[in-house]
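Chemist:
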Amino acid sequence: MEERRGNIKAENEMNINMQEEQSTFDWRGRPSNPNKHGGFQAASFVLGLQAFEIMAIAAVGNNLITYVINEMHFSLSNSANIVTNFVGTIFLLALLGGYLSDSFLGSFWTMLIFGFVELSGLILLSVQAHVPQLKPPKCNVVTDGEKCEEAKGVKGLIFFVALYLVALGSGCVKPNMISHGADQFNIQTKKLSTYFNAAYFAFSVGELIALTLLIWIQTHAGMYVGFGLSAAAMAMGLITLVSGTLYYRNKPPQGSIFTPVAQVLVAAILKRKQICPSNPNSNCSMHQTQRFRFLDKACIKNEYGNNRRKESPWRLCSVSQVEKVKILIAVIPIFGCTIVFNTILAQLQTFSVQQGSAMDTQLPNSFHIPPASLQSIPYIMLIFILPLYHKFFVPFATNITGHESGISPLQRIGSGLFLATFSMISAALLEKKRRESALHSGKTISIFWITPQFLIFGLSEMLTAVGLIEFFYKQSLNGMQAFFTAITYCSYSFGFYLSSVLVSLVNKITSASSNAGGWLSYNDLNKNRLDLFYWLLAVLSFLNFLNYLFWARWHSHHSSPPPQPTALSKDGGYENIP
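By full-length UniProt numbering, the letter at position 361 of the sequence shown is numbered 361, and the numbering carries on one by one without gaps.
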């Protein structure tokens with residue numbers, strides 16, 4: 001019996017792979033040829049775009065707070081919120097990119113169109129940073145304080161238009177880079193897991209170059225040069241994308257991806273008083289997954305005497321439609337558990353950069369580390385760890401667990417969420433030490449003390465980010481891969497927005513309870529209590545990890561297929577296998 005089930009599983013996987021081959025096309029709209037299209041050769045061009053695109057956006061986003069404070073003259077808390085809102089909007093707009101791709105444009109055209117939108121925003125940022133008339137008058141915000149003029153009117157408008165052109169372009173490009181690269185492989189192949197690790201490696205390389213070379217150039221040659229280089233990197237990414245046109249296998253858009261979801265919900269509500277029959281010929285089959293059984297009523301066939309009327313698709317849905325909606329609902333708790341994780345990431349791109357600015361950045365030979373380059377620390381580590389992870393850990397873990405990726409995506413996510421707590425504990429301990437040294441002994445400690453919090457979070461992000469993308473992509477929602485990948489980026493968005501809310505809320509509460517001002521009220525970190533804010537995040541992170549354990553176990557239990565092996569019948573329902 002077990003051997004028969006194994007043969008059935010292998011046959012089903014082969015059928016899925018054959019269906020994927022038949023449903024993909026080359027650039028001329030002809031069925032793709034597995035000997036010419038797809039595979040790592042095609043995916044390498046997408047990986048090139050990913051490296052260049054993240055290089056461009058990271059050089060802007062990770063040093064943006066310095067530009068907003070020093071040249072746009074916004075306060076520290078407002079600047080932190082501008083940065084987190086900008087990054088949050090990028091990831092929120094990923095949903096738009098995923099929807100347009102799966103429904104109307106396809107991944108390739110979505111990347112190409114919105115890649116040029118992102119490029120235009122980067123060019124406009126560079127022009128504004130270069131032309132003095134488009135910026136507020138020069139001023140030292142630390143010494144002159146309130147005398148500095150904020151960017152308002154036309155100057156503010158140009159800045160925010162440029163910034164959100166970049167956000168719109170990058171947001172729509174991001175999910176399609178991952179999904180288009182993954183589309184070059186069959187979903188049941190082990191190469192897909194290898195690709196996700198390769199994608200994160202390309203991401204790490206792009207981040208590393210941005211956080212070292214490009215930010216060093218921004219610091220020493222001017223922000224306009226740095227923004228110009230970001231535009232050049234994005235242009236190179238688009239050239240790389242177009243260069244692989246002949247090798248891609250493309251999945252065509254499916255029409256509106258929300259309509260089938262809405263049809264299931266409407267049909268289930270209209271038939272809410274009916275009972276699913278046990279008749280194996282019914283569309284509502286016993287062999288559907290056991291979660292959210294109320295949705296199964298959407299596929300009950302109504303019979304009228306000896307005749308069957310053809311029901312509206314808003315009253316009768318297929319089993320596959322219902323299962324798609326079940327999957328969509330089931331992943332929401334997993335998605336929600338990564339929001340606090342990304343709130344921690346927001347601190348490393350804002351307050352931790354300011355921490356580094358208040359430390360001794362000098363190295364031997366009078367070389368100074370730009371504070372924004374601190375975020376390169378985890379990516380230096382990851383460039384070495386990722387190949388070792390894939391080469392040694394995955395085979396070792398596979399021998400123990402039997403899982404083709406070593407550990408399951410859910411286990412990988414959980415490991416990353418657990419480590420994130422220790423990143424905030426490290427950050428809180430460091431800030432307490434830095435602040436006490438500055439206030440009590442007048443000493444500025446070395447910037448190397450900040451390394452542990454970045455290293456821990458880097459390892460945490462490698463586990464969580466790759467695990468999350470792999471988990472969402474493998475949910476078997478044909479025609480919704482780009483949108484599901486976009487959901488993972490939406491987690492970043494909510495995390496950064498939550499960061500803005502927490503900063504404002506903590507400031508309001510602590511200001512009301514103390515005459516000395518809020519924890520994060522001042523531009524001078526020595527007057528703030530950033531260490532207490534980090535402790536708050538550490539507690540939230542650990543509680544979030546416990547919450548994740550509950551939902552991960554729930555998902556694993558309720559997503560298990562029914563015990564009887566099943567196969568698709570000719571009419572789209574299910575039938576028993578004897």
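Where is the CB? At the ideal position from N, CA and C, for every residue including glycine.
All values derive from a computational prediction rather than experimental measurement.
List the DSSP bridge partners of Ser446.
Modeler: Partner(s): Asp360.
Chemist: Starting from the Cα of Trp535, find the closest Cα among Glu404, Phe203, Ala94 and Gln453 and give me that residue.
Modeler: Per the Cα distances, Gln453.
Chemist: From Lys138 to Glu149, what distance separates their C-alpha atoms?
Modeler: Cα to Cα, Lys138 sits roughly 9 Å from Glu149.
Chemist: Going by beta-carbon coordinates alone, are Pro252 and Gly106 separated by less than 9 Å?
Modeler: In this structure, Gly106 lies closer than 9 Å to Pro252 by Cβ.
Chemist: Report the CB separation of Ala151 from Met72 in whole angstroms; it is logged as a contact under 8 Å.
Modeler: Confirmed, Cβ separation roughly 4 Å.
Chemist: Using the rule of at least 16 other Cβ atoms within 10 Å of the residue's Cβ for burial, across every protein chain shown, is Asn15 buried or exposed?
Modeler: Only weak support exists for where Asn15 lies, its pLDDT of 45 falling under 50; the value from the coordinates is given anyway. Asn15 comes out exposed.
Chemist: Please determine, among Gly29, Tyr195, Ser126 and His403, the residue with the shortest C-alpha to C-alpha distance to Tyr224.
Modeler: Closest option to Tyr224, Cα to Cα, is Ser126.
Chemist: Would Ala59 and Ala210 qualify as a contact pair, given that the criterion is a beta-carbon distance under 9 Å?
Modeler: Yes, the Cβ-Cβ distance between Ala59 and Ala210 is below 9 Å.
Chemist: Helix, strand or coil: which one does DSSP assign to Phe74?
Modeler: Coil at Phe74, not helix or strand.
Chemist: Would you kindly work out how many angstroms separate the C-alpha atoms of Ala482 and Gly88, rounded to a whole number?
Modeler: Their Cα atoms are separated by approximately 19 Å.
Chemist: Check whether the Cβ atoms of Leu463 and Ser415 sit closer than 9 Å, and answer yes or no.
Modeler: The answer is yes: Cβ separation under 9 Å.
Chemist: How is Phe201 classed by DSSP in three states: helix, strand or coil?
Modeler: If DSSP states are grouped into helix, strand and coil, Phe201 belongs with the helices.
Chemist: Put Asn250 into one of helix, strand or coil per three-state DSSP.
Modeler: Of the three classes helix, strand and coil, the one that applies to Asn250 here is strand, per DSSP.
Chemist: Skipping 5 residues on each side, what residues in its chain have a beta carbon closer than 6 Å to that of Phe114?
Modeler: Only Gly169, Cys172 and Val173 meet the Cβ criterion.
Chemist: Determine the burial state of Ala262: buried for a count of at least 16 other Cβ atoms within 10 Å of its Cβ, exposed for fewer.
Modeler: When all chains shown are included, Ala262 counts as exposed.
Chemist: Taking the C-alpha atoms as reference points, what is the distance between Cys276 and Lys297?
Modeler: Taking the straight line from one Cα to the other gives about 6 Å.
Chemist: On the three-state DSSP scale, how would you describe Phe25?
Modeler: In this structure, Phe25 counts as strand in the three-state DSSP scheme.
Chemist: Which of the three DSSP states is assigned to His130 in this structure?
Modeler: Helix, per DSSP.
Chemist: If contact is defined by three or more beta carbon pairs under 8 Å, each pair taking one atom from either stretch, is the region 33 to 52 in contact with the region 230 to 239?
Modeler: Yes: the two stretches touch, three or more of their Cβ pairs being nearer than 8 Å.
Chemist: Whole angstroms are fine: how far does the CA of Ala42 sit from the CA of Ser243?
Modeler: In a straight line, the C-alpha of Ser243 is about 10 Å away from that of Ala42.
Chemist: Among Leu265, Leu124 and Pro378, which one has its Cα closest to the Cα of Lys326?
Modeler: For Lys326, the nearest C-alpha among the options comes from Leu265.
Chemist: Which complete alpha helix (DSSP H) runs does the region 390 to 418 hold, if anything under 4 residues is left out?
Modeler: Whole alpha helix (DSSP H) segments, 4+ residues: 394 to 401.
Chemist: Do the region 484 to 495 and the region 335 to 350 make contact, defined as three or more Cβ pairs closer than 8 Å?
Modeler: Flag = yes, the region 484 to 495 and the region 335 to 350 touch.
Chemist: Is there contact here, the region 394 to 409 with the region 420 to 436, by at least three beta-carbon pairs under 8 Å?
Modeler: No, the region 394 to 409 is not in contact with the region 420 to 436.
Chemist: Taking Val466 as the reference, give the member of Asn197, Lys508 and Phe448 with the closest Cα.
Modeler: With distances taken between Cα atoms, Val466 lies closest to Asn197.
Chemist: Using a 10 Å radius around the Cβ and a threshold of 16 neighbouring Cβ atoms, would you call Ile400 buried or exposed?
Modeler: With fewer than 16 Cβ atoms within 10 Å of its Cβ, Ile400 is classed as exposed.
Chemist: Which same chain residues end up closer than 7 Å to Ala268 when comparing Cβ atoms and leaving out the 5 residues on each side of it in sequence?
Modeler: Within the same chain, Ala268 has close Cβ partners Phe294, Leu295, Lys297 and Ala298.
Chemist: How would you label Glu207, buried or exposed, when you count the other beta carbons within 10 angstroms and need 16 or more for buried?
Modeler: The residue is buried, with at least 16 neighbouring Cβ atoms inside 10 Å.
Chemist: Within the same chain, show all residues whose beta-carbon is closer than 6 Å to that of Gln218, passing over the 5 residues directly before and after it, in chain order.
Modeler: Contacts found: Asn63 and Gly226.
Chemist: Which of the three DSSP states, helix, strand or coil, is assigned to Pro175?
Modeler: Pro175: helix per DSSP, three-state reduction.
Chemist: Which residues bound the alpha helix (DSSP H) around Gly97?
Modeler: Element bounds for Gly97: Ala94 to Leu100.
Chemist: I want to know whether the region 76 to 83 touches the region 346 to 358 - three or more CB-CB distances under 8 Å.
Modeler: At 8 Å Cβ cutoff, the stretches touch.
Chemist: Please list, in chain order, all residues of the same chain as Phe550 whose beta carbon is under 8 Å from its beta carbon, the five residues on each side excluded.
Modeler: Answer for Phe550: no residue qualifies.
Chemist: Excluding the 5 residues flanking Phe542 on each side, which residues of the same chain have their C-beta closer than 6 Å to its C-beta?
Modeler: Excluding residues within five positions, the ones whose Cβ falls inside 6 Å are Thr421.
Chemist: State the start and end residues of the unbroken alpha helix (DSSP H) segment that holds Gly518.
Modeler: It is not in any alpha helix (DSSP H) - Gly518 carries neither H nor E in the DSSP assignment.
Chemist: Could you check the C-alpha separation between His390 and Lys190 for me, to the nearest Å?
Modeler: So the two alpha carbons sit approximately 12 Å from each other.
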